[in-house]
Every structure is written in structure tokens, then in C-alpha cells.
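J.: Residue numbers (our numbering): 16 to 315. Cβ coordinates follow ideal geometry from the N, Cα and C atoms, glycine included.
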């Protein structure tokens, strides 16, 4: 008899629980304040996104008009591509693009090679005082670039490197790349390298066959940082380059401004072209860039 009562009680409780679950499932989800808070947050994010995209939209629209006045009103009848045509046919913007692309490629390759070897020495081949030397080298990142501008110009002038591609890409090599790669390289087990040394592998074989293949994400991240730094640099090319045939994209855009009358349409066309190149590179290497930055920050 007691067993039947327990079964009935258990069954009734199960029935009650199932009914409660059905009522809960029929109730609209996210109702009330949580749903309102989500809607407000989404609206705020959309507003901020539009505010961030508004300058770029204004730049592109202005580049499609021949205008000497900055205005927020859009006249579809004035939209044309003549600014882009004049940019390459009358202002030599194509030569500036070639110069910037060549300088950026050299800067990325040389910076990746130098920083990789230096990081390997600091991370896997320590020597007396290497730790103190590394942090002293990293401390140079706190020196503003404006402070080293005149000494750097004097060195390049004495070496006869002004108005050359070397003077444009050589100053890009700095402590940041060494720090970034060293943080990533420190996660590689030393036991694996020691086992390879016991098997007779040389240091160059260790570097190229074991260390370098695992550093692809962080090298891609460093390449994008180097690309953006070199591509957007304006002050150092302005100081070190006096030959118009060696001008970079930033200098070419700055020279589009007229002395008496400014054609904002062609200036915005130059700014749009100079903006599209790094944007395309970032989208192509986006996955490796995020992976490299995340790995360096977590493993460091």
C-alpha cells in the first residue's frame, strides 16, 4: 500500500513538473527589462558603427566629385571618376604607389629576418647579460621617434643613403618586433631543441626546421604591423626624401593640396587609394594576424 502511494506521489510530481516546463517553454524569451536592455545596447552599437564608418563614406563620396568646397550634401549628378583618372595621369600617383609598395616589401622582409634571429638569440641562446640587454633594448621603444629624427638624418646623410629606398625601410627595424617574436618563441620547449642538438642538428637547422615553421602566425602579425607603420609614415620620408621620383604615397597625397585653391575631390581620391591598399592586405591576412597576436599575448 505504501509503495502505491509513493508511486502515485512520484507520478503526480512528474506531471506537475512537465506542466511547469510546458508553461515555461510557451512563455516568450527575453521579455521585459533584459530584452529592452539588449535592444538599447544593439542600438548604441549600431550608432557607434555608423559614426566610425561616416568619415570613410564621406571620403569616398567626396573623391567622386570635383569640388573645391567641403560639404555634407550629396549631388548624384556630380559623381564621376575623373579625380582618379587625373590622379594617375597628371600627378604621378602610380610612381608613388610603386615606390611605397617596394619600400614596404623590403621593410617587411628585412624586419622579419632581423627580428627573428635576434629573438632566437635572446630566447634560446642566452649569454651573460642577455636578459639585461634585452630589457634595455625593449626600453628604447619608450623614446619618441621625434627625438631620434635629427641623429638618424645625420647618420643617413653621412652614409650617403638619403633619397634611397634603404633610408626609407632601414629605420623600420626596432625593438618591438624582437619583443613580439621572443614572447612567442619562449613557448617552444627547450627539451625539443636539446634533443635535436643531441641528434647532431646545427643551430641553423634548429632555427629553420624547428623554430621557424612554428612562428608563422607571429611573423604574419609582425608583417602587418611593419606594413602599416611603413605605409603610413609621413614625417621620415618628408625629411629624408627630396627627389620627387622617390616620393611615397603619403608625400604624394600631401602635395595634392593647392597653394591658393584646394581640390578636395582629388585629395580624397588619393586618400582613398592609399587607404585601400592596407585594407586589402589586412583582409587577406586577417586570420593569421589575429592568431599571431593572440598567441604572443597568451604565451608571453
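1) Please name the residue, chosen from 100, 61, 66, that lies closest to residue 80 on a Cα-to-Cα basis.
2) Pick from 141, 243, 209, 203: whose alpha carbon is nearest that of residue 228?
3) Does the region 233 to 246 touch the region 177 to 188, meaning 3 or more C-beta pairs lie closer than 8 Å?
4) Does the distance from the CB of residue 304 to the CB of residue 236 come in under 8 Å?
5) Excluding sequence positions up to five away, which residues of its chain have a Cβ less than 6 Å from the Cβ of residue 108?
6) Could you tell me which whole alpha helix (DSSP H) segments of length 4 or greater appear in the region 218 to 296?
7) Can you round the beta-carbon distance between residue 197 and residue 134 to whole angstroms, since I take them to be within the 8 Å contact cut?
8) Are the region 142 to 155 and the region 284 to 297 touching, with three or more C-beta to C-beta distances below 8 Å?
9) Could you give the residue range of the alpha helix (DSSP H) that holds residue 210?
10) Less than 8 Å separating the beta-carbons of residue 210 and residue 221?
11) With distances taken Cα to Cα, identify the nearest neighbour of residue 138 among 149, 183, 171.
12) By a C-beta neighbour count over all protein chains shown, 10 Å radius and 16 as the cutoff for buried, is residue 70 buried or exposed?
T.: Let me spell this out:
1) 100
2) 203
3) yes
4) yes
5) 102, 267
6) 218 to 221, 231 to 247, 250 to 255, 264 to 269
7) 4 Å
8) no
9) 205 to 213
10) no
11) 149
12) exposed
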